[in-house]
Every structure is written in C-alpha cells, then in structure tokens.
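See below for the structure under consideration.
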Amino acid sequence: MGNSLSKFHPQLKYLVPVITSLTIILSGCSLVDKMFGNSPEQTEQAKQEEKPEKIPKQLEELDLTLENLFKTLGGPTAVTSQEQQQGNSKNQSTQNQNQQESPFQSQEQAQKQQQTGNNSPQNKNGQQTEQSAQPSDPWQQTAADIESLHSAWNDYMPEITQKGASKELLDKFSDALNNLTKAVETKDKNKTMLAANNLYAGVAEMYALYKIKTVPGLKLLIYHTRNVILNSAIDNWSETMTARDELKAAWSLVRTTLEGQKEREVKLDLSISELDKVIKEKNIDLIEIKGKLILANIESLQKSLKEASR
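In this text, residue positions in the sequence shown follow the working numbering: the first is 160, and each later residue adds one.
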C-alpha cells in the first residue's frame, strides 16, 4: 500500500499548485466584481437598463400633432394612416373646446364661415360631401393643433426635466414652439411648415433621451428629409444642399445601429441616393416625390423595428 502511494506522490505534488491557484482565483472573483463594478446589484441594474423604455404619451402627442399639422397644410408627413387618425381624434376634442376662444379666429370670422356654409348649394339641397365635412379653412385645424402642442408641452416639461434634458434643449423647444405659433398667425404655409419642422427637430432630440428599439436617429432623418423638400419648394438651394448633406451624414451613423433590417436598410439607402441625384438637377417636383419615398421607407423601417422588439 505504501509503495502504491509513493508511485502517485510525484504526480500529486504538481497538482497542488494548480488547485491552490484555482482556489485563489475563485475566492477573488467577488473582489474583481467589486473592482469593476460587477456586483450582483449592478449586474441586475445593467439588465434592467437594456430593456426598452416606454415613450411618454405627451411626447407621442407632440410627434403626432406635428404630423397632423403637416397633413392639414398639404406638406410631407411621416406617419401611417392609423396613427394619423389617432392624432386627429385627440385634436378634434381640443378643437371643440377651443374653437370659440382660439386667438387665430375671431367670433365674427367663425359666424361668417357658418353663414357662408349655410348659404352654399350643398346645404340648401341637404347634400353632404366629403369635402364639406372637412374644415373650409385649414388654418382652423392648424390653430387647434397649436393649442394641442402648447398643452402637451406644458404637461411634458416636468417629466423631460427629470429625465435629464438640458436647459438649452428646453429653451430651444419653447422658442421653436413660439416661433411656430407666430408663423401660423401669418397663414403662410411654407413659413409655417418650416417652423413646424424646426420644432420637430426638438422632438427628435427628446426621443434620443430614451432607450428604444426604433432608433431615435430615424426621427432626425425625417427632419432632414423634410428640410430638403420644404427648402427646395421655395428655391432655397443653399439650405436644400445643407439639409441633403446633413441627411447623408445622419444616415451613415444610423445605419450602423440597425440589426436584422438589411432589406429595408438597402431600400432606404437607395432612396436617399435617388434624392441626391434629383437635387443636383434642381427638379422640385422630383425632389418632393423622392423625398416622400424616403419618408415612406423610414416609416416602414420604424414599423419593422417595433414589431421586432415585441
């Protein structure tokens, strides 16, 4: 028996350092975790931080209301018809409450419009058409949108402040909202839509404060694309070129964050290249067409990302 143990003794002496080293390593794991901030509590916190955050309803309302304003004025919009209907239903209640006291339309103007509508041939014959069901003056709906924007921003400011938004961002958004309100008073569509898009840039920045799967950078792509369309429509080619360059730069960053969206990524990339071509030709009609296709492709990509995150 003694001879048997003596045979294994030379081998056992080599295992002792290995076992000792493993013991030290395992016992030191907790120390390493603490040194590098990997305590169980922090690990759990990291897992929680990976979960997508829920977007506040006030921010979504700001987003949809701006899109509704673009649609009302015949501008480029970037939401689905279902989302648009949701935005319309929210704004309709605001319009009903504030129609008489809106600063953009006096009671005399409202009565005059009502009298004109009552004397129209359609009303005399009791006929209803889809056109007559819509407000005769798009600025009436736009005024309701402005009321909704101010209300949503008033409710959202405390929350976005707690989220860590800078004072600069808050002031910039408030100024942009006031500038949009003043633009609506002029009833100049191009001026109003440019002001609305400047406000939308603030919405895009606020989305970036949240961890969401739909990539906040896509909102910036919408902003730059609309800037291209709106500035080209008024022959402001220097701003159009600047917006084009900013769109391409933003896209080069956004596409690196996309996962599992190769087909839609390629489609959006090609549509941006197509827009670049017609900008060089300074063809306003084609710029609008190509720009709206980009917005549609962004919408499709956002929808796909939402579905993938479920």
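C-beta atoms are modelled at their ideal positions from N, C-alpha and C, and glycine is treated no differently. If you're wondering where the values come from, they're calculated on a predicted model, not measured in any experiment.
For residue i, the first and last residue of its enclosing alpha helix (DSSP H)
i, result
"G361", "K348 to Y366"
"V374", "Per DSSP, V374 belongs to no alpha helix (DSSP H) and is neither H nor E."
"L218", "K216 to T231"
"A335", "K326 to T345"
"L417", "Careful: L417 lies outside any alpha helix (DSSP H) and carries neither H nor E."
"D314", "P297 to Q321"
"K462", "I443 to A467"
Rounded C-alpha distance that separates residue i from residue j
i, j, result
"K346", "N356", "16 Å"
"H383", "T320", "26 Å"
"I381", "L454", "6 Å"
"E418", "Q300", "39 Å"
"V362", "L339", "14 Å"
"E260", "L228", "Low local confidence applies: a pLDDT of 46 at E260 is under 50, so the model's placement there is unreliable, and no value is given."
"K326", "Y315", "14 Å"
"S463", "V437", "28 Å"
"A302", "K341", "11 Å"
"L368", "G234", "28 Å"
"N395", "L358", "19 Å"
"V413", "L379", "9 Å"
"K465", "E424", "15 Å"
"P317", "P375", "21 Å"
"S468", "I446", "33 Å"
"A461", "E344", "With the sequence shown as reference, residue 461 is identified as Gln, and Ala is not the correct amino acid for it. Whole-angstrom Cα-Cα distance: 34 Å."
"K206", "S310", "A caution first: K206 carries a pLDDT of 49, below 50, which makes its placement in the model too unreliable to give a value."
"N386", "K441", "15 Å"
"S411", "Q217", "30 Å"
"I443", "E398", "14 Å"
"K331", "I448", "31 Å"
"E422", "T373", "16 Å"
"A409", "T416", "12 Å"
"M400", "A354", "18 Å"
"G450", "D404", "14 Å"
Pair within 8 Å by beta-carbon distance, residue i and residue j
i, j, result
"D304", "T224", "yes"
"A471", "N349", "Nothing in the structure corresponds to residue 471, since the chain is present only between 160 and 469."
"K370", "E226", "no"
"L427", "I457", "yes"
"L406", "M352", "no"
CB-CB length for residue i against residue j, believed under 8 Å
i, j, result
"S432", "L452", "Rounded, the Cβ-Cβ distance is 12 Å, inconsistent with contact."
"S307", "E220", "7 Å"
"P297", "L232", "6 Å"
"L336", "W312", "6 Å"
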